[in-house]
Structure formats: structure tokens, C-alpha cells
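Here the protein sequences line up with chains A and B, keeping their order.
Each residue of the first sequence is one higher than the last, beginning at 15 in the working numbering.
Each residue of the second sequence is one higher than the last, beginning at 15 in the working numbering.
Glycine included, each C-beta is placed from N, C-alpha and C at the ideal position.
Before any comments, here is the structure.
2 protein chains.
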Amino acid sequence: MPSTSLNERGNFQFSEAHENIAAEAVARAAEDLSQFPQTLQTTTVPSAQETSIMVADDKLPERFQWVLNAPEPPGLWCKLQNGITETIFPLKNKFQHLREHQVSKSLGNLFPILSWGKAYNIKMFRKDLLAGLTLASLCIPQSIGYATLAKLDPQYGLYTSVVPPFLYAILGTSREIAIGPVAVVSLLLSAMIQKIEDPVANPVAYTGLVITVTLFAGIFQAAFGAFRLGFLVDLLSHAAIVGFMAGAAIMIGLQQLKGLLGTTKFTNKTDIISVLAAVWRSVHDSWNPLNFILGCSFLSFILTTRFLGRKKQKLFWLSTIAPLTSVVLSTLIVFLTRADKHGVKIVKHIKSGLNPISVHQLQLNGPHTAEAAKIGLIVAVVALAEAIAVGRSFASVRGYHLDGNKEMVAMGVMNVAGSLTSCYVATGSFSRTAVNFSAGCETVVSNIVMAVTVIISLELFTRLLFYTPIAILASIILSALPGLIDLNEAYNIWKVDKLDFLACIGAFLGVLFASVEIGLLVAVGVSFVTVILSSIQPGTETLGRIPGTDIFVDVNQYPMAVEIPGILVTRLKCALLCFANSNCIKERILQLATGKQEVGDKGNAKGKTQLIVFDMSNLMNIDTTGLASLKELHNSLASEGIEFAVTNPRWQVIHKLRLANFVNSIGRRVFLTVGEAIDVCITAKMA
Amino acid sequence: MPSTSLNERGNFQFSEAHENIAAEAVARAAEDLSQFPQTLQTTTVPSAQETSIMVADDKLPERFQWVLNAPEPPGLWCKLQNGITETIFPLKNKFQHLREHQVSKSLGNLFPILSWGKAYNIKMFRKDLLAGLTLASLCIPQSIGYATLAKLDPQYGLYTSVVPPFLYAILGTSREIAIGPVAVVSLLLSAMIQKIEDPVANPVAYTGLVITVTLFAGIFQAAFGAFRLGFLVDLLSHAAIVGFMAGAAIMIGLQQLKGLLGTTKFTNKTDIISVLAAVWRSVHDSWNPLNFILGCSFLSFILTTRFLGRKKQKLFWLSTIAPLTSVVLSTLIVFLTRADKHGVKIVKHIKSGLNPISVHQLQLNGPHTAEAAKIGLIVAVVALAEAIAVGRSFASVRGYHLDGNKEMVAMGVMNVAGSLTSCYVATGSFSRTAVNFSAGCETVVSNIVMAVTVIISLELFTRLLFYTPIAILASIILSALPGLIDLNEAYNIWKVDKLDFLACIGAFLGVLFASVEIGLLVAVGVSFVTVILSSIQPGTETLGRIPGTDIFVDVNQYPMAVEIPGILVTRLKCALLCFANSNCIKERILQLATGKQEVGDKGNAKGKTQLIVFDMSNLMNIDTTGLASLKELHNSLASEGIEFAVTNPRWQVIHKLRLANFVNSIGRRVFLTVGEAIDVCITAKMA
């Protein structure tokens with residue numbers, strides 16, 4: 015039977031050169047068809063009716079029917095309902111959980127500390143103790159520095175290293191993350207809040223506003239987690255975060271020049287031009303070389319120890335205690351030489367004692383409440399993005415899974431509690447988490463150790479920090495910044511995805527030259543434009559058969575694939591056939607079919623196209639404009655005498671094709687595979 | 015050889031119920047592998063090294079290598095260059111054309127009239143003459159009506175039916191389109207321009223501004239065509255146009271109540287609330303029942319004839335001459351009864367004579383030039399959208415191809431020329447094109463016949479229109495509106511695509527309750543949000559093997575497909591794995607793999623998943639966030655002891671996977687087909 019059809023197929027216009035390959039392809043196809051002996055007979059010995067373009071239903075092998083008679087996909091309402099149910103009522107699953115399992119397991123679900131707490135032993139605690147002490151030695155100077163970056167009194171930084179780490183230890187799922195104030199969030203807070211309230215003229219109102227923003231940020235974070243809105247944080251792509259962090263690091267570094275130069279006059283703006291102008295003015299006006307010398311020498315000390323620590327694992331301890339050592343040494347030097355009388359700026363009084371209650375400082379009915387909520391939202395997203403990026407990367411290294419929604423709830427609760435106890439926004443720190451990991455932490459207990467150490471310092475040692483020079487705090491912040499600028503990753507992004515790099519550089523330049531908010535907006539905007547462009551870029555690729563198989567692949571990607579003369583198998587380069595590209599795609603396929611334009615690398619002289627097979631396997635969706643274009647395409651092809659077949663439409667697509675009556679208008683030429691489409695269409699054509 | 019591997023495969027955890035199917039599947043896979051006898055040996059008799067997760071290169075069949083060693087796809091710069099070259103320098107191809115073909119053919123390309131002109135004969139002309147005269151009888155009253163809708167003197171409508179049709183006949187490629195003023199563009203012009211200049215207080219400046227806008231619209235249209243920017247018009251989706259037209263029709267209808275009621279006070283706003291308020295005031299204040307009776311009786315006459323014409327093809331002529339008959343009859347009635355003295359509003363003086371030159375009226379240095387350009391852009395897009403929608407649908411019916419870019423150049427040139435000869439924006443009219451087609455037009459000569467008839471009317475008959483009542487013009491406009499409201503199509507859109515319907519209803523409500531511009535903006539906005547949502551909606555579908563084949567399909571779409579126990583074959587429901595969805599998708603696959611949640615209709619009790627095959631055949635693009643998520647997914651799966659393989663990545667995707675070193679990090683487990691992936695991974699696992 016196959017041999018007869020081969021002879022008949024000789025009528026079909028094949029170019030001389032490709033005859034052998036085509037014959038082979040047809041033979042393979044015939045082989046395939048032989049799996050359906052009953053139906054093959056009716057296909058290869060066609061009746062009179064079959065000469066029409068309509069292929070009758072009962073004459074198609076069963077598989078073709080499967081494509082056409084797929085069950086109806088769930089409708090939009092059904093999908094919406096499911097989506098809302100999954101998003102808004104995740105508790106439903108939790109209650110189910112409660113019934114099915116023991117209460118203890120469910121509690122362990124809510125408080126992860128109960129799960130891992132059982133297996134906790136003294137050996138793990140020893141590791142955590144060491145890691146926690148290391149963390150504290152880094153955290154105390156950094157916290158004071160970041161508080162000044164946020165234009166708050168130094169003790170607020172220490173407060174923020176007490177309550178949030180405790181709460182995170184109870185609620186959080188990450189084992190390595192180090193909680194506390196971080197540079198970028200501190201910059202973000204001061205940059206946005208000082209537009210509303212002047213931190214110098216009105217420090218009490220400013221602090222109240224920061225704490226209000228912290229409350230809102232916490233509420234937003236907890237809400238994101240509770241309502242499973244974690245995707246809001248995903249709007250900041252990896253590339254955008256890399257660019258944003260680098261831009262923020264440069265801005266923070268430039269702002270530290272104020273401390274390093276020991277000037278008093280400085281700009282409140284955060285764009286690079288204003289800051290550089292302020293630095294220029296300071297250098298010409300009033301700066302104190304003592305501050306600069308002190309800061310720079312300790313900065314080089316810290317950087318040298320870090321360099322040594324990276325070179326030799328044994329010296330890692332040196333690099334971690336370097337900041338605290340610098341603080342102690344510089345404070346001693348200033349105290350002994352009374353350098354503060356020669357112009358060296360010092361921290362002066364740090365209020366001692368534990369976190370005071372700050373409920374009365376919340377401005378919930380003030381004139382700036384709405385703005386505080388807006389700032390809270392931005393800060394919440396940025397803080398979560400940093401924490402989750404940090405948490406995920408370390409969880410991935412250790413091979414365990416981080417529950418994003420649970421993390422958000424933990425962050426939210428700790429910030430809400432923090433806002434009631436004089437903390438500002440805390441999150442997971444890039445640099446300290448890395449130190450925690452390197453110091454060998456086992457669980458989140460290292461955070462508790464750190465918090466206890468900070469409490470002891472707050473109670474006993476704040477007075478000792480009176481003579482600590484501000485230049486040292488600046489140099490500690492500066493020393494943490496290189497970790498935020500990941501040139502390697504930026505190069506990787508450039509190498510892998512040029513458009514992603516555009517989002518990265520957009521965020522970077524936006525932060526540098528405009529403001530942090532604009533940098534974020536640019537990054538999100540560029541990311542979405544990239545999504546749109548990828549989805550709608552018009553373009554088709556020609557498919558060829560891999561010799562000896564029934565697999566059709568892109569002839570450019572697989573140069574060994576062979577096009578079948580007289581038949582154009584085409585597939586879209588995009589996932590949507592919609593208003594924005596359907597016309598362009600229609601015209602391109604028409605051009606390809608009618609041979610008006612030679613497209614593609616393999617565009618050597620071909621015979622006239624007799625059949626176009628449109629492989630829809632990668633088409634996710636089609637809209638009414640796309641359907642209209644397909645109909646127009648079919649009409650135009652029919653008027654040129656070219657047949658048109660569609661293969662492997664997905665669930666949504668075949669459903670829409672049926673609804674729009676397109677299936678009938680192309681004579682039900684919808685097939686599961688390209689091979690089947692070619693076989694049936696050639697057979698029908700010959701008949 | 016296959017039987018040994020079958021025995022060995024017994025170790026692999028299969029649930030009892032599925033054993034037979036799985037055995038069959040494995041047997042088929044083994045059969046497949048037997049096509050590569052040399053490589054099969056090395057695969058089924060694995061060496062000691064192969065027990066590691068890394069499958070060595072030289073032991074894979076050749077096809078696997080093809081996937082990994084695909085040539086590099088064209089880079090972004092190359093694509094950008096090609097895109098710009100194709101877009102900006104389409105003439106390059108034209109010059110090539112010039113070399114290859116004769117000059118006459120190239121001229122025919124520029125002036126389509128030269129192509130079809132040769133085959134033109136007296137028989138075709140007879141048909142065109144009849145169609146042209148029919149068109150003119152409809153066009154003259156409509157043109158006057160639309161000019162009043164655009165708040166211009168009536169003669170401008172007639173002018174617009176002279177120059178543009180002539181030029182379109184020379185340059186255009188559509189055979190059926192009827193060129194002239196249209197309702198929606200007239201409304202758009204008056205709605206936007208009267209915000210800048212009052213048409214009643216300052217008619218000369220207003221007219222000048224309309225003509226300036228026409229010039230800009232023409233320039234934009236011609237530029238779209240010349241620089242192949244036709245996709246800008248595609249931004250208005252089919253659904254958006256349907257909604258926009260319906261909204262505009264209702265707005266136009268409501269505005270006609272002014273003429274029908276014979277009031278003088280009316281609102282200049284175009285939202286439904288202002289207009290209804292104005293109508294309410296008019297009805298209570300000052301309206302003339304004579305106008306209303308006259309308008310309504312002739313409106314019912316026109317609608318009745320149209321109804322008859324639709325019922326019986328013979329009476330089609332009656333419906334087409336009804337508008338002109340109404341004008342003549344009503345003018346006679348008013349003239350004989352001198353009803354204008356009893357409050358019936360009449361057209362009064364229409365300036366006779368051909369189009370005057372209007373170069374001096376262009377306001378190219380005025381204070382409103384920038385705004386005129388902006389309005390020109392919006393009007394250009396809307397006018398093109400209407401003309402191309404009309405042209406394409408009729409071209410599709412007659413089975414010929416409409417060159418979008420050439421159409422735009424034709425429209426642009428005719429509007430630029432029109433702006434120099436006292437015309438306002440002309441385009442292809444929905445209603446008159448349908449009449450032209452029904453009247454049997456053969457070529458665009460019917461437009462020339464119409465234009466000549468309008469010229470004769472302008473020279474001879476304008477004086478006769480002195481007593482034409484304005485209510486009749488209103489009723490003629492009203493009678494043309496039902497054609498703009500396509501309830502059927504709106505229902506189809508609703509049926510086929512709910513999200514598309516949202517764009518449709520958005521445009522409709524936007525036009526009704528805000529303004530025409532806002533309606534357009536809403537439609538474009540909704541359309542793009544739809545694109546984003548379709549591209550990034552997270553979701554996976556489980557694939558199963560169609561029994562007796564190597565084809566893997568969605569188990570929900572094809573209920574006969576069988577999942578292989580212990581192996582999860584999954585595919586994305588979206589085309590991009592990017593920042594916005596990669597995390598969600600990663601968690602979903604993890605949930606599916608670790609069996610924490612039973613998903614899908616077929617979620618009956620399964621054995622523990624041992625292998626996840628991720629079918630990438632429909633993944634168009636992946637960004638750096640997506641790559642990071644894939645790596646995290648692989649790490650998490652590896653820590654659970656689940657293997658991970660990737661199949662059929664497309665050109666861009668495999669390129670990025672290679673660049674990001676993902677291919678090596680998953681042990682080069684990248685395959686062409688799902689079947690191969692399963693075979694190789696099971697074999698490696700057993701070894």
C-alpha cells in the first residue's frame with residue numbers, strides 16, 4: 015500500500031535535488047500511517063467526496079479527532095476563582111492540615127523554631143555561638159553607621175539589631191540570614207523621608223516618621239506573605255536588583271565622604287551630581303584632614319584584613335573583628351589624644367539602655383500618614399527583595415527550600431514589632447549573612463546570640479563609644495559597600511541577556527542620576543517592556559525534518575534538518591498571535607509562501623509552495639485579531655492555490671479556533687503532528 | 015538487549031496499576047533506541063563513571079549533541095541591525111527590484127493604477143459607473159452631515175469627497191474602499207480641536223486648525239507607510255476597534271439630537287453625561303417639534319428602505335438613493351411651505367465652486383502647532399485603523415492581498431494633498447465601502463466617478479441645498495450609525511476571548527463616559543496588560559505519553575495520554591521564564607515533585623517522583639532571574655534525590671543555558687525529545 019502512494023506522490027512538484035530526501039520522508043510517514051491499518055485504507059484510496067478541501071470526519075485516523083475533540087478548558091471565571099481561592103484563602107489548606115496531622119506539626123509549620131529546635135544540640139550551639147559573636151562584632155559598628163546613614167541617632171541602629179533578630183529566629187525559615195539594619199534601606203529611608211521632614215531641624219518628628227514608615231512596611235510585608243502576594247517582590251528582577259544595589263552602593267559611598275571629610279554642610283539630595291557638587295564645595299571650603307587621615311587609615315586596615323581573610327581561610331577571623339577593633343582603637347586614640355578638640359568629629363552621647371517603647375511616636379493621624387504608607391510600600395518591597403535574594407541564594411547553596419510567603423510574614427511581624435520598640439526597618443543583610451555563613455552558623459540561633467550581645471552592649475558599653483570618631487563609622491560603611499557592587503554578575507547578565515542588562519543599567523543610572531525611586535521604576539518598566547517585546551516580536555522559523563525521524567525542528571538551530579520541497583513547515587518565534595503582531599506574521603508567511611522574498615539562510619531556489627503547515631505547538635494564546643488574521647491568511651493562500659494545515663494547537667488555542675469556527679473554515683485540517691498533516695494533505699491533494 | 019534493561023527497570027518504583035503501560039512505554043523507548051545500535055551498547059552497558067550524575071559527552075547518541083552544539087543564534091545587535099535595515103531602508107529592496115525587473119513593473123508597484131489599468135475594459139467601467147453614482151448619491155448628503163459633525167461649513171465635506179478619492183484611485187491598492195469624510199474621524203476632530211479653538215466664536219481659526227491637523231495626519235500616515243511603521247496601527251486591536259466604533263456611534267447619535275431637536279444651545283463635551291444633560295435641558299427649554307417630526311419621518315423612511323433592500327436584493331437601489339431622495343424631498347417641502355420661518359433650521363448658504371487652495375490657512379507657526387501635531391497623530395492612527403480594517407475585510411472576501419504600507423502611503427499623500435485644497439481628514443468609510451461593494455464596483459474607478467459627480471454638484475447644485483433642513487442631515491447621519499455598532503462581533507469576541515472583550519468594553523465605556531482619547535488609551539492599555547498576563551501567568555501542565563507513540567501531550571487536553579509513574583514530565587503554560595514568574599514556577603514544580611500537593615485532575619496516588627523532565631519546547635525566552643531559578647530548582651531537586659532533565663530548548667534558550675553554564679551544572683542532561691530524556695536518565699539511574 016505505501017508503495018502505491020509513493021508512486022502517486024511523484025506527481026507532486028519536487029525539485030530534483032531533494033527528491034531522495036523527500037522520498038525518504040514520505041516513506042517514513044507512510045510507515046507511521048501503517049500503524050492505523052483500518053484508517054490508512056480509507057485515506058490512501060480516497061472516495062469522490064474527498065477531492066473537496068473538506069476532509070470528512072470519519073475518515074481521519076483517531077488521533078486527528080483527539081485534537082479536534084479535546085475537552086473544554088477551564089473558563090476564565092473558573093481560573094479567576096481558583097486564583098483568588100489560592101491567593102486569598104491559603105488558610106483553607108492550613109486548616110485541612112490541622113485536621114490531617116497533629117497539632118504539633120502544624121505549630122511547627124507556623125513557628126519553624128519548633129521543628130528544628132528538637133534536633134538542636136550542644137555541638138550546633140557551639141557553632142552558632144561563635145558565628146553569633148562574630149556577627150555581633152560586625153553588627154555593632156555597622157548598626158551605628160547605618161543609623162547615621164538613615165539620619166537617626168546611633169542607638170536606633172543598635173535597637174534594630176535587638177528585636178527583629180529575636181522575632182525572626184522564631185518565625186523565619188532561613189538558617190543563615192543575618193537580620194538588622196542594612197545600608198540600602200537606610201539610604202532609601204533617609205532619601206525619601208527627609209523630603210517630608212528635616213532630620214536636622216526637627217529630629218523628633220523625623221524619627222517618628224521613620225518609625226511610622228517601619229510600621230507600614232511591616233504591615234505590607236506581612237500582608238504580602240499572608241495573601242500570597244509574593245509575586246509583587248518578584249517584579250524586581252535579578253538584573254534590576256544587581257543594578258539597583260550597585261547604584262545605591264555608590265550613592266552611599268559618596269554620602270560617607272561627609273563623615274570622612276568631617277564637614278558639616280552637605281546636600282540632602284541623593285543624585286550623583288548634587289552629591290559631587292557638595293563634596294567639591296566641602297573640599298574647597300571646610301574640611302578637616304585629621305578626620306580624613308583617621309578614616310582612610312582604618313579603612314585600609316579593614317580592607318587589608320579582608321583581603322588577607324579571603325586569601326587564607328585561617329585569617330578569616332581577623333577580617334571579621336577588624337571593624338570592632340578599628341572602633342576600639344580609634345576611640346582609644348581620640349580619647350588619649352583628645353583629637354576631638356582639634357576638629358575630629360565624634361559620636362558623642364549614645365543613649366544607653368534597652369529599646370524603649372515607641373508607640374507614642376507613631377504618626378497615624380498626622381498630615382504625612384499617606385506619604386508614610388507610600389514610602390512604607392516601597393521600602394517593604396526593597397527590603398523583602400534584598401532579604402529573599404540573600405536567603406534564597408544561601409538556601410540554594412545548602413540545598414533546602416525557603417518558603418517565600420512564610421519569610422514575608424516573618425519579616426512583616428518583626429518590623430511591626432520593631433516599630434513599637436524604637437526600631438527602624440530591618441531586613442537580611444548581604445554582607446553580614448555571608449559572614450554568618452562563613453563563620454559556620456548552623457541555625458538562626460546565631461541571630462539570637464548576636465541580639466543578646468547587642469543588648470549587653472546597649473546596657474554596658476554605649477558610654478565607651480562617646481569618643482568614637484564619625485570617620486570610623488564612615489569607613490566601616492565604605493568597607494561594606496564593595497560587596498553590594500557585583501561587577502561579575504553584571505558581566506554575566508550582559509553576556510547572557512542583553513535586554514536584562516538594560517534593566518540592570520537602567521536601575522543603576524536611575525539611582526545615580528535621578529533618585530532611588532526612579533531607579534526602581536526604570537528597572538520595573540524596562541523589565542516589562544522586555545516581556546512585551548519577547549512576547550510579540552513577529553517572526554517565523556522554518557522547520558525541517560531530522561533525517562530518519564518524524565521530528566521537525568528549526569533548520570537554523572539544527573543545520574542537519576531537511577526542508578521538504580514544496581511544503582513550508584513554519585512556526586512562530588513568539589508565543590502570542592495577537593493584535594500587535596498578527597498582521598505582520600500573516601504578511602511574512604504570505605511572502606514565504608508566494609516566494610516573493612527569499613528569507614532565511616537556507617533560502618535557495620525552491621519549487622512553488624503547495625502546502626503550508628503551521629506548527630502551533632508553541633502558541634500560548636491567540637486573540638480575536640489573531641484569529642481574523644489567520645482567516646485572512648487562509649483565504650489569501652486558498653486564492654493562490656496553496657493548502658493550509660495547522661498542527662498541535664494547545665488547549666486554549668484549539669478551543670478558540672473551534673469557537674471562532676476557524677477549524678471548519680480550513681476544512682478541519684488540524685493535526686497532532688507535522689508528519690500527519692503532511693501525509694493527509696498530500697494524499698488529499700493527489701486524489 | 016532491551017529485555018535485560020526491562021528486567022533491570024523492574025527495580026524502578028512503579029505503582030502496580032500502571033506497570034503494564036509503563037512497560038509498554040519503556041519497550042517503545044527501547045525500540046527507538048535500537049535505531050542507534052552503536053550508541054545503545056554504551057548506554058545500556060554503562061561504565062563505572064556513568065554512575066555519576068554527569069553523562070559523558072561521547073556516550074550520548076548523536077542527536078543529543080545536536081541540541082547542545084547548535085550554532086550560535088544571531089545576537090541582539092545583529093537582530094537590531096536587521097530590524098532597522100528592514101524598517102528604515104525598505105527602498106533597498108525596491109532598488110533591487112528595479113534592477114531585476116523592468117521599470118514598468120516598478121512603476122506599477124508605485125502606482126497600482128498602472129497595473130490594473132491595462133486590463134480595464136468597458137464592461138468593468140459600466141459596473142464602476144453604476145457603483146460610483148450610487149456612492150455619490152449616498153456620499154453627498156453624508157459629506158455635508160459629517161462636515162457639520164466636524165463643526166465645519168457644509169462645503170468642506172464635499173471638498174473632502176473630491177481630492178482624496180482621486181489621489182487614492184492612483185495610489186491605493188484596495189478595489190472596494192470608498193474614500194471621503196467619515197463619522198468617527200469627524201467626531202474625533204471636533205472633540206479634540208474645539209478644546210483649543212471655539213468653532214462658533216472663531217470659525218476661521220478653527221477651520222485653519224482642522225486643515226493643519228489634516229496636514230499632520232497625512233504626514234504621519236505617509237511616514238508610517240514609508241518607514242514600515244504599520245505596526246503602530248496594529249496597536250488598536252480588532253476588539254478595541256469594535257468597542258471604540260460602537261462608543262463613537264452612540265456619541266455621534268446623541269450629538270445628532272441637537273439637529274433633530276432644532277436647538278441652538280448644546281454642549282461641546284463628548285461624554286455621555288454632559289450630552290444627556292444638554293439634551294434634557296433642550297427638551298425642557300427650547301425645541302422645535304417641526305424639526306423633530308421632519309427628521310424622524312425621513313429617518314424612518316431611510317431605515318424602512320434599508321430594511322427592504324436587505325430583504326430583497328432587487329430593492330437594494332431603493333435603499334441607496336433614499337438619503338438623496340430624502341434631501342431633495344425635504345428641501346422641496348421646506349421651500350414650498352417656507353417652514354424655515356416656523357422654526358425649521360436649514361443649511362442656508364453652501365459656497366459653490368471647486369476646492370479652493372488652503373495653503374494660507376495652515377497654522378504651522380501658530381501657538382497650537384504642537385497640539386495640532388499631537389491631534390494629527392491620534393487622528394492618523396484612528397483613520398488608518400478604520401480604513402485598513404475596512405480594506406482588509408473586503409480584500410479577504412475577494413481573496414486578494416492588501417499591502418498595508420502602500421495603503422498608508424496612499425492615505426497619507428491624499429490627506430496631505432487634501433490639506434492644501436481645503437479638505438479635512440478623509441479615510442475609508444465602513445458604510446459607503448459596503449454600498450460600493452454591494453453596488454458591484456470592480457475597481458477604484460468608482461471613487462473617481464463619485465468624485466466627478468461631487469465636482470458637478472459643487473459647481474451646479476449647491477444653491478439648491480439652501481432650504482435643506484438640518485434635521486435631515488442629522489437623520490442621514492443617524493441612519494448610518496447602526497453599521498458602526500457590531501453587536502454580533504462583540505458577542506463573538508465575548509465568546510472567543512474574555513480578555514479581548516475587556517479591551518472592547520473598555521474602549522466602549524471610555525469613549526462614552528470620558529472622551530475618545532481616553533477610550534483609545536484604555537483599549538491599548540488593556541490590550542497590553544492582556545499580553546503581559548498571557549506571557550507571564552505561571553502554571554505548568556503535566557504531559558503524558560499517547561499510548562503506542564513517542565508523543566507527549568498535556569494530560570488534560572488529551573485524556574487518553576498516560577503519565578509514566580515515577581516520572582514527571584512537565585511543560586510551562588507560558589512562554590517566558592522570567593523575573594515575574596520564575597519563582598512561582600519553581601515552587602510549583604517543587605511541590606509537584608515532592609508530592610506535597612496533589613495538583614491536576616489526574617492527581618491520584620503516585621509513587622515518589624524520581625525524575626523530572628522539563629519540556630522547554632514552548633519556552634521562547636528566559637532571563638537571568640529565570641536561569642537562577644532553574645539552578646535553584648535543580649539544586650533543590652538534587653538534594654531530594656530527584657533527577658532533572660531538560661528537553662527541546664529553542665535556539666535562544668539553549669544558547670542562554672550554555673552561556674549561563676546551566677547545561678554543565680545539570681550534567682548535560684539536555685535532550686531533543688522527552689522519550690530520549692527518559693531512556694537515558696533511567697538507564698543512568700539503574701547503572
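Item	Value
Which residues of chain B have a Cβ atom closer than 8 Å to the Cβ of N369(A), listed in chain order?	Within 8 Å Cβ-Cβ: nothing; N369(A) doesn't reach chain B, min ~34 Å.
Would you be able to state if there are at least three C-beta pairs under 8 Å between the stretch 234 to 250 of chain A and the stretch 422 to 431 of chain A?	yes
Rounding to the nearest angstrom, what Cα-Cα distance links D500(A) and F258(A) in this structure?	11 Å
For a cutoff of 8 Å on Cβ pairs, would you count K670(A) as touching chain B?	yes
Does any CB atom of chain A fall closer than 8 Å to the CB of A652(B)?	yes
Provide the residue(s) that pair with D629(B) in DSSP beta bridges, ordered along the chain.	R585(B), T661(B)
Just the Cα atoms here: how many angstroms apart are A594(A) and D354(B)?	52 Å
Distance cutoff 8 Å, beta carbons only. Does W665(A) sit that close to anything in chain C?	Here chain C cannot be found, since the structure's protein chains are A and B.
According to DSSP, which residues form a beta bridge with T554(B)?	L586(B)
Using only the alpha-carbon positions, how far apart do A215(A) and M206(B) sit?	49 Å
Identify whether R352(A) lies in helix, strand or coil by the three-state DSSP scheme.	coil
Report the three-state DSSP secondary structure of N570(B) (helix, strand or coil).	coil
Return the Cβ separation of V449(A) and L152(A) in integer angstroms, given the expectation that the two are a contact with Cβ distance under 8 Å.	6 Å
Can you name the start and end residues of the alpha helix (DSSP H) that P155(A) belongs to?	136 to 163
Using a C-beta cutoff of 8 Å, does T441(A) count as contacting chain B?	no
For P85(B), go through chain A and note every residue whose CB falls closer than 7 Å to its CB, in chain order.	P573
Using 8 Å as the Cβ pair cut-off and three pairs as the minimum, do the stretch 521 to 531 of chain A and the stretch 302 to 313 of chain A touch?	no
Measuring only between beta-carbons, confirm whether H252(A) sits less than 8 Å from chain B.	yes
Establish whether the CB of A589(B) and some CB of chain A are separated by less than 8 Å.	yes
What residues match up with P483(A) in a beta bridge as DSSP calls it?	I360(A)
Are the CB atoms of L633(B) and R664(B) nearer to each other than 8 Å?	yes
With 8 Å set as the bound, which would you pick, yes or no: does the beta-carbon of L604(A) sit closer than that to a beta-carbon of chain B?	yes
Residues bridged to L647(A) by DSSP?	DSSP output for L647(A) lists no bridge partner at all.
Give the range of the alpha helix (DSSP H) segment to which S288(A) is assigned.	286 to 298
Hey, how far is the Cα of G432(A) from the Cα of D417(A)?	22 Å
So for T277(A), helix, strand or coil by DSSP?	coil
Classify N302(A) as helix, strand or coil using the three-state DSSP reduction.	coil
Please classify N704(B) as buried or exposed, where buried requires at least 16 other C-beta atoms within 10 Å of its C-beta.	Lying before the first or after the last residue shown, residue 704(B) is absent from chain B, which here runs from 15 to 701.
Taking all protein chains shown into account, do 16 or more other C-beta atoms lie within 10 angstroms of the C-beta of V177(A), making it buried, or fewer, making it exposed?	buried
Look at the Cβ atom of F658(B), then the Cβ atom of H669(B), and state whether they are nearer than 8 Å.	no
Determine the chain B residues that contact S410(A) at a beta-carbon separation under 8 Å, and present them in chain order.	K645, E646, N649, S650
Under a CB-based cut-off of 8 Å, is V545(B) close to chain A?	yes
Of the choices G580(A), Q95(A), A183(A), whose alpha-carbon is the least far from that of I127(A)?	A183(A)
Quick check on E400(B) - is its C-beta less than 8 Å from some C-beta in chain A?	no
Is there at least one Cβ from chain A nearer than 8 Å to V510(B)'s Cβ?	yes
Could you tell me whether the Cβ atoms of V677(A) and V688(A) are closer together than 8 Å?	no
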